[in-house]
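> Just so you know, UniProt numbering puts 75 at position 75 of the sequence shown, and the rest follows in order with no gaps.
For each residue, glycine too, the CB sits at the ideal point set by N, CA and C.
Below: one structure in structure tokens.
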Amino acid sequence: MVSKDKGAKCEVQSLVKLNLKLLSKDKRLGVDGFKEAARLATHTILAACGLEHKKSIVRPFPDSVCRHNNQTKQLHMSNLMPSSCRECFYAFVKDTVKAVLSEQKF
1 MVSKDKGAKC EVQSLVKLNL KLLSKDKRLG VDGFKEAARL ATHTILAACG
51 LEHKKSIVRP FPDSVCRHNN QTKQLHMSNL MPSSCRECFY AFVKDTVKAV
101 LSEQKF
């Protein structure tokens with residue numbers, strides 16, 4: 001179970017960093033700001049996925065709702081959030097990173 005959580009955390013970290021780079025290209029986060037935003041977003045997403053996370057830094061998050069419920073048989077479901085397809089999970093990650101950036105006013 002620990003290695004599964006570690007793999008999941010690495011996957012979430014990669015997605016968060018990618019989104020953070022794209023969403024903060026017009027902002028001056030600096031190294032510390034980038035790391036802090038990445039940490040907050042990563043642990044919030046891990047919590048939403050029901051995985052091990054630091055409770056003290058998790059931000060409130062909306063339930064991830066898959067817009068494709070009636071098409072799930074044709075779609076690839078997310079390994080991290082089984083109630084969601086990959087497309088909706090990626091949108092959830094992007095929304096979470098956006099929320100962290102706006103909340104923290106980086």
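Run through DSSP, which three-state label would C88 get?
Residue state, collapsed to three classes: helix.
> Find out if the Cβ-Cβ distance for the pair A41, L29 is shorter than 9 Å.
No. Outside cutoff.
> Under the rule that 16 or more other beta-carbon atoms within 10 Å means buried, what is S102, buried or exposed?
S102 should be labelled exposed.
> Check the C-beta distance from R67 over to S78 and give it rounded, since I have them as a contact under 8 Å.
13 Å between Cβ atoms; not a contact.
> So I57 and V12 are supposed to be a Cβ contact under 8 Å. How far apart are they, rounded?
I57 to V12, Cβ: 14 Å. No contact.
> Just tell me which of L80, L20 and K35 has its CA closest to the CA of E52.
Considering only alpha carbons, the answer is L80.
> For the candidate residues Q104, F34, S14 and K54, whose alpha-carbon lies nearest to that of H43?
Per the Cα distances, K54.
> Which residues in the same chain have their Cβ closer than 8 Å to the Cβ of K17, if we skip the five residues on either side of it in sequence?
A38, listed in sequence order.
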